[in-house]
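Structure first, commentary second.
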Amino acid sequence: MASEKQNAAEQPIRNILIFDTTLRDGEQSPGASMNLEEKLKVAQALVDLKVDIIEAGFPIASPGDFEAVSEISKLVKGSTVCGLARCVDKDIDAAWESLKNADDPRIHVFLATSAIHRNFKLRMTQEEIIEHAVAGVKRAKGYCSNIEFSPEDACRTEIDFLCKVVEAAIDAGATTVNIPDTVGYTTPNEMVKRIQELFNRVPNIDKAVVSTHCHNDLGMAVANSLAAVMAGAGQIEVAVNGLGERAGNCPLEEVVMAMRTRRDFFHVDTRIVSQRLVPTSRIVSKVTGLVVPRNKAIVGRNAFAHESGVHQDGVLKERSTYEIMSPESVGFVKNDLVLGKHSGRAALGERIKSLGFELTKEQLDAAFDEFKRLADLKKDIFDADIVAIVDRQSAAAKRLTGAAADWKYVSYELNCGSQGKPSCKAILSQNGFEKTAVSSEGDGPVHAMCWAVQQIVGLRFTLEEYKVEAVTGGFDAQGEVAVRVKDVDTNVDYRGRATSTDVLEATLMALVDAVNRIQHSHEKDSK
Ligand code: KIV
Ligand code: ZN
């Protein structure tokens, strides 16, 4: 046993490349669309996290995607920037046009290979698929040396044909071959077998990095990615908070911490700065409006909370009794009582910094004023309260620097009870002018608020999702409200989020946040 352990410890540690697709596949999560400013913020967070490759978007998909990839290419230093393209000339040309200013660009071309996709979606023979794949890789190679090829739905592709496609793509110049489990169907054993077969049967496989891209439809994305790594893959594709199409992609934070915590088992690691995992998760959650579940592994608020007396006793005596990694190692700062009414601006600034945020002097001044107001309302101020203040400050800063036509919450009055219809008076402002609406529609206070907001802003939406959560414990906790609304005109979903000690005020602010997102997207479409 001892010598087994010794052998394991002596095995060299292999570095696994982390390819992040939060800004491309992640943005395809319903309601998770981001504007340019938000994408740049996420891209910078990914650089700080030290991901190896940032997939910044699908440039041909829309002018917004093209612009985002171009701007991210100019911004990013220290990570490869990648753009997605079908094996179609105009896609590849657009991808290069948007990537050309990147320090280290990569073009990612893809084409489906499984029989289902060939017969029903593409209506192409196996020979035609190989022809198109080779032509796509070659065209991309004409622009840059770093080329990734993905046979879409690879895990449901006949293995003989997959080997042929992969060999042809590498021959044509692909430097990474990515094996996607596009529909989240495969199992860890199947994944090991598939990757091993590629290593054993594709003669030029040593000329490319083998990668995987696992969707989470059956909840196996992390297990399948780790299986691919164990079979020799050198890159895995992931998204922060597991964002992505349908059930999402392999969550970056989970797979990275699995490899780091169990280095003894996997004999691999990454260059990820794990202390940035929680701040990055928060940034992504904030800009997409997608709330991280409390019990989410690694970055959920409860991921390190010990509830039972037995566990608490154990942790107090020796942390490792119930903790396999420390909360600090993933970027949690102790949720102790941090500041009080008499704390100064410098102490608040330090705390904000240690929580992973950077504010300008003006933002810190505004945050300090808000902190003082909150300290009058609330006895104990926790880290989560400070994060909520910082979130509000960055939303306020966005209102100042963003479109002047953004709506701003001013005040509300609400009458409701078990008898009679609720009524809501809401006041919002735009370009410095206030507008009031009184609504006695709806069957509850939130419904009445939605009506009032629609009257003021002149947009029609339905409320698809409404969530309230206390940011901390206690009667005086701040409430965080997350909404998802559907723009009736376009049928597109938008999210909004806000916090306040008054949950109804937070509701109105979250609705305003969502309305501003609808408005931005209408403005973009009309350009
Ligand atoms: O899921 C998938 O197959 C993809 C490819 C474009 C890599 O996202
Ligand atoms: Zn995908």
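To get the numbering used here, take the position in the sequence shown, counting from 1, and add 675. All C-beta atoms in this analysis are idealised placements derived from N, C-alpha and C, irrespective of residue type, glycine included.
Asked	Found
Helix, strand or coil for Phe941? Go by DSSP, reduced to three states.	helix
Suppose you measure from the CA of Asn924 to the CA of Thr963; what does that come to, to the nearest Å?	15 Å
Taking Cβ to Cβ, would you say Thr1174 is nearer than 8 Å to Ala1101?	no
Just tell me which of His986, Glu872, Ala908, Val1113 has its CA closest to the CA of Thr851.	Ala908
Which of the three DSSP states is assigned to Phe979 in this structure?	coil
Using three-state DSSP, classify Arg1074 as helix, strand or coil.	Its pLDDT being 45, under 50, Arg1074 is placed unreliably by the model, and nothing is read from it.
What first and last residue would you give for the alpha helix (DSSP H) that runs through Asn875?	863–876
Can you find a heavy atom of ligand 2 that lies under 7 Å from the Cβ of His986?	no
Near Arg935, what residues of its chain come up, given a Cβ to Cβ distance below 7 Å and the 5 sequence neighbours on each side ignored?	Asp944, Ser949
Distance check for Ala1059 and Val1085, CA to CA, integer angstroms please.	24 Å
Rounded to whole angstroms, how far is the Cβ of Ile729 from the Cβ of Ile911, which I believe are closer than 8 Å?	Ile729 to Ile911, Cβ: 14 Å. No contact.
Identify which residue in Lys1047, Ser825, Ile947 has its Cα closest to the Cα of Gly1006.	Ile947
DSSP puts Val756 in a beta bridge; with which residues?	Ile729, Pro780
If we ignore side chains and look at the alpha-carbon of each, how far apart do Ile870 and Ala903 end up?	6 Å
What does the Cβ neighbour count give for His890, buried or exposed, with the cut at 16 atoms within 10 Å?	buried
By a C-beta neighbour count over all protein chains shown, 10 Å radius and 16 as the cutoff for buried, is Lys1036 buried or exposed?	exposed
For Thr697, is the beta carbon positioned less than 7 Å from some heavy atom of ligand 1?	no
Specify the secondary structure class of Leu1012 as computed by DSSP and reduced to three states.	In this prediction, Leu1012 has a pLDDT of 48, which is less than 50 and means its spatial position is unreliable; what the coordinates show is noted afterwards. DSSP places Leu1012 in coil when its eight states are reduced to three.
Once the 5 residues before and after Asp1162 are set aside, which same chain residues still bring their CB inside 6 Å of it?	Phe1136, Ile1193
Could you tell me whether the segment 994–1001 touches the segment 1019–1036, where touching means 3 or more Cβ pairs closer than 8 Å?	no
Using alpha carbons as the reference points, say which of Pro855, Leu1089, Phe1108, Phe824 lies closest to Ala1080.	Phe1108
Can you check which of these residues, Asn1106, Gln1068, Asp695, Ile1131, is closest to Cys1099 by C-alpha distance?	Ile1131
Whose C-alpha, out of Ile767, Val722, Asp892, Pro705, is nearest the C-alpha of Ser754?	Val722
What number of angstroms, rounded off, separates the C-alpha of Val897 from the C-alpha of Val1113?	50 Å
Comparing alpha-carbon positions, which option in Arg976, Lys992, Leu991, Lys868 lies nearest Val1008?	Arg976
Thinking just about the alpha-carbon of each residue, which of Cys1091, Asp892, Leu1103, Gly984 is nearest to the one in Gly1119?	Cys1091
Would Thr955 pass as a contact of Leu724 if the rule is Cβ separation under 8 Å?	yes
Note down the Cα distance separating Lys1096 from Tyr1087, rounded to an integer number of angstroms.	17 Å
Exposed or buried, what is Asn1191 when buried is set at 16 or more other beta-carbons lying within 10 Å of its beta-carbon?	buried
Could you give the DSSP three-state label for Val1178: helix, strand or coil?	helix
Which parts of the segment 1043–1125 are runs of the beta strand (DSSP E), unbroken and 3 residues or longer, counting only runs that do not cross its ends?	1082–1090, 1098–1105, 1108–1114
Distance, Cα to Cα, Ser1004 vs Ser1029?	13 Å
Assuming contact is defined by CB atoms lying nearer than 8 Å, are Leu1014 and Arg1026 in contact in what I supplied?	yes
Return the chain-ordered list of same chain residues with a C-beta closer than 7 Å to the C-beta of Tyr818, the five sequence neighbours on each side being excluded.	Trp771, Ile782
Within its chain, find whatever has a CB closer than 6 Å to the CB of Ile735; leave out the 5 residues flanking it on each side and keep chain order.	Asp766, Ala769
May I ask whether a heavy atom of ligand 2 can be found less than 7 Å away from the beta carbon of Asn916?	no
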